[in-house]
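Numbering (the working numbering), first residue to last: 8 to 401.
Even for Gly, the Cβ is constructed at its ideal location relative to N, Cα and C.
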Amino acid sequence: MYSVSTSADTQKIAMLRAAMPAVTRAVYLNTGTNGPLPRRAYDALLAFARSEFEEGRIGQPVFDRFMNLLTETRALVAELLGCALEEIALTHNTTEGMNIALLGLDWREGDELITASSEHEGGLNPAAVLKARYGARVIYTDIGLRHCDPLEALRGALSPRAKAVVLSHASWSTGAILPLRELCELAHRVGALVICDAAQACGMIPSNVYDLGVDVYALSGQKWLCSPDGTGALFIRRALLPKIQNTFSGYFSLKQRVTHAATPIEFADTATRYQYAAHYFPSVQGFAETLKWLRDEIGWEWIYRRTHELGQYAYDALAQIDGVNLYLPRDQIAGLLHFTVDGIAPADLTTKLFEQKILIRHVPEPALNRVSTGFFNTEADIMQLTAAIRALRK
Ligand SMILES: Cc1ncc(COP(=O)(O)O)c(C=O)c1O
């Protein structure tokens, strides 16, 4: 096999692997579930937790620190997505963002929501709630599956009753990178909003939300952004703030306390209006530190290039194995590869590789195995994977 790493890459990868011990304990090929934490996030999280323990969580300076941290983290996410600070709310995960956006629309019986059977429950389940609660008509397309042209499929599903299109930027179940810009253009022609699940995309591929044309982009910290649990963010296009109503509300939602019948209800001018539940500040600190580490010490361009190149490398390496069937064509994926191995059920392959400390996963529908290539993985990781599969095939 060829190598995709230059000598500069090799040095850099050694540095960042030293900063992410989890990737050296096993062959870490499942960032799509949870990315490895860098030391900087871990140290920041511990230091914050320790200061809460030793110095307490009350008093004006502490309160100011909390508020500044929330704003700083929102600004880091806004920079990554190329949007305005006002358009970002912090959430605890992708699913929360999907719920906020979907439940915030004014659903009437017969309104249509177009999605895909291969989507994650993070989008599918709020859609099911809309169906059960308001009689929304949910249309399940094959978008994301092979042999399905996403533009054709969306074109065929859209009607003037379409209110929202719920699709992932990168599919968790097939690895497909969807042509969001073109999909958004189609949806917008009939006035439907595109509510995008970015759990697998953000940190894996460029996520400039204005270029993509999405209306909503919900993301997780704990996957490709290698951040602590309970972190995430939601982009909502500024013009949509009045349209996506609050289902939940909390301290940040309103401009002033509403205590009397005559008090006007004024929503916050920014997407912070959707933040309603407290965050665990040590986790948020870890999220902010990781975003700075990825930006300043590794570099987003390098991360995207490396993830993609290693994905292509893994694709080529797997393709050489007799009995391995890659699900999608090579040019439709980035860092998530899906495949089957003849004679070994996906769940069994995950278990057998786990026994050899090779961490991958399987997905249910279509039943496939999935490998994630993170920017911290090496060609040697891929060679261990392919050698193990070859041996299992014998
Ligand atoms: C595409 C997709 N959406 C949503 C989720 C759920 O993420 P979270 O736990 O951040 O809500 C996942 C998790 O695997 C996912 O792959």
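Pairwise C-beta distances place the stretch 273 to 293 out of contact with the stretch 129 to 142, as fewer than three of them are shorter than 8 Å. Residues of the same chain with a CB within less than 8 Å of the CB of Thr347, apart from the 5 flanking positions on each side, are Val331, Asn332, Tyr334, Pro353, Ala374, Leu375, Asn376 in chain order.
With contacts defined by Cβ atoms closer than 9 Å, Leu158 and Val172 do not form a contacting pair. When the five nearest sequence neighbours on each side are left out, the beta carbons in the same chain lying within less than 7 Å of the beta carbon of Gly318 are those of Ile340, Ala341, Gly342, Leu344, Thr380, in order along the chain. Shown here, Asp71 sits in a helix according to DSSP, grouped into three states. For Tyr141, the CB contacts under 8 Å within the same chain, skipping 5 residues up- and downstream, are Trp114, Arg115, Glu116, Asp118 in chain order. It is roughly 7 Å from the alpha-carbon of Phe288 to the alpha-carbon of Phe55. Counting of Cβ neighbours within 10 angstroms places Asp204 among the buried residues, the total reaching 16 or more.
Rounded to the nearest angstrom, the Cβ distance from Cys90 to Val221 is 10 Å, too far for a contact under 8 Å.
In this structure, Tyr322 and Arg337 form a Cβ contact; the two beta carbons are roughly 5 Å apart against a cut-off of 8 Å. The DSSP-derived three-state label of Asn332 is strand. At a cut-off of 8 Å, the beta-carbon of Thr101 counts as near ligand 1: some heavy atom of the ligand is closer than that. Not one heavy atom of ligand 1 is found less than 8 Å from the C-beta of Ser14. Of the residues assessed, Gly239 falls on the buried side of the cut-off, its CB having 16 or more other CB atoms within 10 angstroms.
Secondary structure within the stretch 210 to 284: the beta strand (DSSP E) runs of 3 or more consecutive residues, fully enclosed, are 223 to 227, 239 to 243 (chain order).
The alpha-carbon of Ser10 is positioned some 43 Å away from that of Ala108.
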